[in-house]
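Down below is the structure, laid out as structure tokens.
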Amino acid sequence: MSTQSRIRSNGIVSWPQEERPRERLLSLGAPALTDAELVAILIRVGFKGISAVELGRQLLQRFGSLRAMVEAPALALLEVKGLKGAKAAQLMAAMEVARRVSLPDARKRITLKSTSDAADYLRSRLQDLSEEHFRALFLNRRGTLLEDCLLAVGSVHQARPPIRMIVSRALQANATMVIVAHNHPSGAAQASESDKLFTEELFGALKPIGVKLLDHIVIGGDAVYSFTDNGLMDEIALTT
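Written out as structure tokens, the structure is:
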């Protein structure tokens, strides 16, 4: 029986030890494994007639790449046959760890001194997501990042947190400045009318508590739209 036939008909436990992904990883190191084998170790077992490696291969074929799997919404993973409960939780946790490792070290003090600083920081968190995410950055008067909060996740069209939530988090963080941001999964980096209305409301809600809304940044693909750089924050300040 060929290796491929054995993969499909038997569990990995029946394979020779030198062919099992976990044993190969321990003896040869992670770089020696294929993407499907790495996924197989995370999900541990397949289901009837399908080994963990074959399930890993099917996942990669479905999403196209490991990166696409990391960026896929949880519901998309849960729709895959054989990927439920503990297996799904293990895989999603591992992918979130990988995503967070790619972000700047949270132990380092981050200071955002310009729109470009904020855009670079936010791009790593909001670029290429399949759902719309809304984040708020709370800063002190020196521009040091006190807290970075994911406040809403929604459809591909819109995700907005309640204004009062942002005001409350600003007070809790003892922030003096706030930058808000969201992504457009369509790839269009531009401000919609609803984006402008939301920004006006937020500016007006933060002003009485002495917190300045510095910018609202929209990430679309590789492009960035800044309310500040396009003069919209000055317009809002004059009318609010």
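To convert, take the position in the sequence shown, counting from 1, and add 1347; that gives the numbering used here.
Cβ coordinates follow ideal geometry from the N, Cα and C atoms, glycine included.
Keep in mind the model is a prediction, meaning the values are calculated, not measured.
Whole-number beta carbon distance between residue j and residue i, since they are thought to touch under 8 Å
i	j	result
L1549	V1527	7 Å
G1411	T1458	Not confirmed; about 37 Å, so no contact.
V1386	L1373	Their Cβ separation, rounded to whole angstroms, is 17 Å, which puts V1386 and L1373 out of contact at 8 Å.
V1427	R1409	7 Å
D1562	T1462	6 Å
Proximity below 8 Å, CB of residue i to CB of residue j
i	j	result
K1559	T1587	no
G1567	S1533	yes
R1391	K1434	yes
I1583	T1546	yes
S1477	A1419	yes
L1389	L1469	no
K1303	L1498	Since the first and last residues shown for the chain are 1348 and 1587, residue 1303 lies out of range.
L1493	A1465	no
G1396	L1402	no
R1482	D1495	yes
H1531	H1480	no
D1382	L1413	yes
P1368	V1400	yes
Residue i in three-state terms, based on DSSP
i	result
F1574	coil
T1586	helix
E1401	helix
L1473	helix
Q1351	Any reading at Q1351 must be qualified, since the residue scores a pLDDT of 49, below 50, and its modelled position is unreliable; no value is offered.
I1457	coil
K1559	strand
L1518	helix
G1376	coil
V1565	strand
S1356	Interpretation of S1356 is limited by its pLDDT of 45, a score under 50 that renders its predicted location unreliable; no figure is taken from the coordinates.
Boundaries (first-last residue) of the alpha helix (DSSP H) holding residue i
i	result
G1551	1540-1553
R1447	1432-1448
E1418	1413-1418
A1536	Where A1536 is concerned, there is no enclosing alpha helix (DSSP H), given that its DSSP letter is neither H nor E.
A1387	1382-1390
Proximity test, Cβ basis, 8 Å: residue i and chain C
i	result
K1395	The structure shown contains no chain C; it is built from a single protein chain.
Residue i, enclosing beta strand (DSSP E) - first and last residue
i	result
E1479	1479-1486
A1499	1492-1501
V1527	1524-1530
Closer than 7 Å: residue i CB and nearest the ligand GTP heavy atom
i	result
A1441	This structure lacks the ligand GTP, and indeed carries no ligand of any kind.
- Is the number of C-beta pairs between the segment 1537-1557 and the segment 1507-1524 that are closer than 8 Å three or more? By the Cβ test, the segment 1537-1557 is in contact with the segment 1507-1524, since at least three Cβ pairs between them sit closer than 8 Å.
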